[in-house]
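Engineer: Dumping the structure here so I can ask a few things about it.
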Amino acid sequence: MLFVHGLAQSRQSWEGVLTGRLAQRHRLVAIDLRGHGDSDKPEGDTPYLEGSHFAGDLEAVIGQLGLVRPVVVAWSYGGVVVGDYLRQRGDAGLGGLFFVAAALKTGKPARALFGPGMMSNARGLMSEDPAVYESTARSFVEACSARPLDPSRVDAGVQAMLRVPPNVRRALLSRAEDYSVELERCTRPVATLHGELDQVVLPAMSTEVVLPCARSQRGTWLPGVGHLPFVEAATAFEDALAAFVADASA
1 MLFVHGLAQS
11 RQSWEGVLTG
21 RLAQRHRLVA
31 IDLRGHGDSD
41 KPEGDTPYLE
51 GSHFAGDLEA
61 VIGQLGLVRP
71 VVVAWSYGGV
81 VVGDYLRQRG
91 DAGLGGLFFV
101 AAALKTGKPA
111 RALFGPGMMS
121 NARGLMSEDP
131 AVYESTARSF
141 VEACSARPLD
151 PSRVDAGVQA
161 MLRVPPNVRR
171 ALLSRAEDYS
181 VELERCTRPV
191 ATLHGELDQV
201 VLPAMSTEVV
211 LPCARSQRGT
221 WLPGVGHLPF
231 VEAATAFEDA
241 LAAFVADASA
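End of the sequence shown sits at 250 in full-length UniProt numbering; the numbers just go up one at a time, nothing left out.
Next comes the structure, spelled out in structure tokens:
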């Protein structure tokens, strides 16, 4: 399985999953997207505005690590990256797509699909003022969970966000994309998992975009859960992902 994190986060987002019971039976790989975590952070906007770069990054990871048709697990903005891959490379190299509160539409036409956790923080997330950005980052991380997170987890999320330069954040948040056509063309198994109380990427993203476009409709809805289902409901998340991988591999 190949795990793709969300906006201004890193592979560390998946730490609990990578050390959990799925690792006992599967090879789990998590990446830092360009501009995030330990990955290179090219200057300018172009390296982040053109989806061909993200598609090439995923292709390089799959090839260099010898991943054979991995199931890609995409959280939040990771859906955009997977959309870039489908648009540029198709689905032949993938075993399945497991979307976790993932965005498959962005920009002004998709505003109704994002909740206050995203919309109220969007301007601050693009700020070049360190104090404004750090304050907004904390507000954003806290908005990701339906219930208060452990302070150490909030701090970890904020620290990950502070490693992402302004040019990266600005470029990613300015993209307007719609991957409906790419998802409709996808022949691989597709599933979506969404917290019913998600206030960042609203559940409507799954019900109105992902499922109507997927050839195989498989949705899991977690009550009382926000934008971090793999943290807030780890067991339910692992159960759903394990079942999907088993079916996709059958």
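We put the beta carbon where it would ideally sit given N, CA and C, even for glycine.
Note that the coordinates shown come from a computational prediction; the quantities given were computed from them, not determined experimentally.
1. Could you check the C-alpha separation between leucine 104 and serine 120 for me, to the nearest Å?
2. Name the residue from Phe244, Val141, His5 and Gly90 whose alpha carbon lies nearest to the alpha carbon of threonine 192.
3. Among the residues of its own chain, which have a CB less than 8 Å from the CB of arginine 87, if the five just before and after it don't count?
4. Is alanine 30 helix, strand or coil by DSSP?
5. Indicate the three-state DSSP secondary structure (helix, strand or coil) for glycine 51 in the structure shown.
6. Hey, how far is the Cα of threonine 136 from the Cα of aspartate 155?
7. Do three or more CB pairs link the segment 137-144 to the segment 107-123 at distances below 8 Å?
8. Quick check on the DSSP output: the beta strand (DSSP E) that includes phenylalanine 244 runs from which residue to which?
9. Please give me, in chain order, every unbroken run of the alpha helix (DSSP H) with length at least 4 that falls completely inside the segment 81-113.
10. What three-state label does DSSP hand alanine 23 in the structure shown?
11. Classify aspartate 178 as helix, strand or coil using the three-state DSSP reduction.
12. Looking at the structure shown, is threonine 187 part of a helix, part of a strand, or coil, going by DSSP?
13. How long is the line joining the alpha carbons of residue 336 and alanine 246, rounded to whole angstroms?
Structural biologist: On the basis of the data shown:
1. Going by C-alpha positions, leucine 104 is about 20 Å away from serine 120.
2. Its Cα nearest to that of threonine 192, the residue Phe244 stands out among Phe244, Val141, His5 and Gly90.
3. Cβ neighbours of arginine 87 beyond the five flanking positions: Gly51, Ala55, Tyr179 and Glu182.
4. Three-state result, alanine 30: strand.
5. Here glycine 51 sits in helix by DSSP.
6. C-alpha separation (whole angstroms): 13 Å.
7. As far as the Cβ criterion goes, the segment 137-144 touches the segment 107-123, which means the pair count is three or higher.
8. Not the beta strand (DSSP E): phenylalanine 244 falls in the alpha helix (DSSP H), residues 234-249.
9. At a cut-off of 4 residues, not a single continuous stretch assigned as alpha helix (DSSP H) sits fully inside the segment 81-113.
10. Helix at alanine 23.
11. Per DSSP, reduced to three states, the secondary structure at aspartate 178 is strand.
12. Looking at threonine 187 - three-state DSSP - the assignment turns out to be coil, as it is neither helix nor strand.
13. There is no way to answer for residue 336, as the model of the chain reaches only from 1 to 250.
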